Amino acid sequence: MPNGAATGRPVRVDAAGEPLRLLHVHAHPDDESSKGAATTARYVDEGVEVVVATCTGGERGSILNPAMDRPDVLANLAEIRRQEMDRAREILGIRQVWLGFVDSGLPEGDPPPPLPEGCFALVGLAEAAEPLVRLIREFRPHVITTYDENGGYPHPDHIKCHQISVAAFEAAGDPEAYPDAGEPWEPAKLYYQFTFHRDRIVALDAAMRERGLESPYAERLAEWKPDPAHQARVTTKVPCAEYFPVRDKALLAHATQIDPQGSWFAVPLEVHQEAWPTEDFELARSRVPTELPEDDLFAGIAVDSPAGRSSSRVPA
Ligand SMILES: [Zn+2]
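Residues 3 to 318 in my numbering are what the sequence shown spells out, letter by letter.
Shown next as structure tokens:
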């Protein structure tokens, strides 16, 4: 996928003429490819500078692809996940930074076992937010994305990722906070990733059944009651269907985490592009005026509009 710089198209800029900058904060390697990756690919194509901050090394992840479930892979999981991340980074055309924390693992059992000593979830908030504040002050993003207060799903690292992102969004522009972590920079907007909401799953489920295909969501939807308050949190839908293939490629680069035969790829690409051509977000904080709903994370920041320049149409 070419990017704005490579295609010679003018890059999108803010009122000061500076290129737009987007920072995604994620818990583990692979989260940048499973959440908002088509949005990333679209913005890279428009010449936006995108950095992914990965809180942990994913050291305690399980191997979720039967083809990769081998002793030699398990013995070297941390190193293999770094290599997978490198490949995904190249596919997405981004810069990626490790924040250096250790994966907390997903505690399973009743009662759940205690979290392992030294893991990300157990680091105090002020200390855990420091490397992110430093990165924000160095990269100076206009927009930051992270997860909602529930983590998007209840993994302790995802919840901690939310907490440090909110703390760093507030602290990065404050000269009194973290005085040794660089020149203050105030990001304009903070979003929560909202990819896995019910309306989208309902639409994908219906699209599969209309085509006489087996929906992978039937069981999940049977237990998932409508939640209008949760649904109303979606403020921003970014058209990016054209970039779904890039997202899929980046996901597959995380070979230990993604089963190509699994539910991720049960909905054919064309069906997905037609049934739900956006990736969705909740605007959680904004320091610039903007009108909701939005279709652009840079609404209120970019001096141009993406309409007409980004070819985010859905193939007919
Ligand atoms: Zn994760």
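No residue lacks a Cβ here, since even glycine has one placed at the ideal position from N, Cα and C. Fair warning: this is a prediction, and the values are worked out from it, not measured in the lab.
In this structure residue 195 is not in contact with residue 238, their Cβ atoms being roughly 11 Å apart against a cut-off of 8 Å. For residue 164, the shortest separation between its Cβ and any heavy atom of ligand 1 does not lie below 7 Å. Residue burial is scored here from C-beta neighbours: residue 191 has at least 16 other C-beta atoms within 10 angstroms and is therefore classed as buried.
One Cα belongs to residue 82, the other to residue 160, and the distance between them is close to 21 Å. Under the DSSP assignment, residue 283 falls in the beta strand (DSSP E) whose first and last residues are 280 to 288. Judged by beta-carbon spacing, residue 193 lies within the 8 Å limit of residue 285, meaning their Cβ atoms are closer than that value.
Taken in chain order, the unbroken stretches of beta strand (DSSP E) that lie wholly in the segment 185 to 214 and span 3 residues or more are 191 to 195. DSSP places residue 98 inside the beta strand (DSSP E), whose first and last residues are 97 to 103. Residue burial is scored here from C-beta neighbours: residue 230 has fewer than 16 other C-beta atoms within 10 angstroms and is therefore classed as exposed. With the rule of 3 Cβ pairs closer than 8 Å, the segment 204 to 214 counts as touching the segment 276 to 284. By the beta-carbon neighbour count (other beta carbons within 10 angstroms, threshold 16), residue 263 is exposed. The beta carbon of residue 159 sits closer than 7 Å to at least one heavy atom of ligand 1. Contact between residue 68 and residue 261 is confirmed by a C-beta separation of about 6 Å, below the 8 Å threshold.
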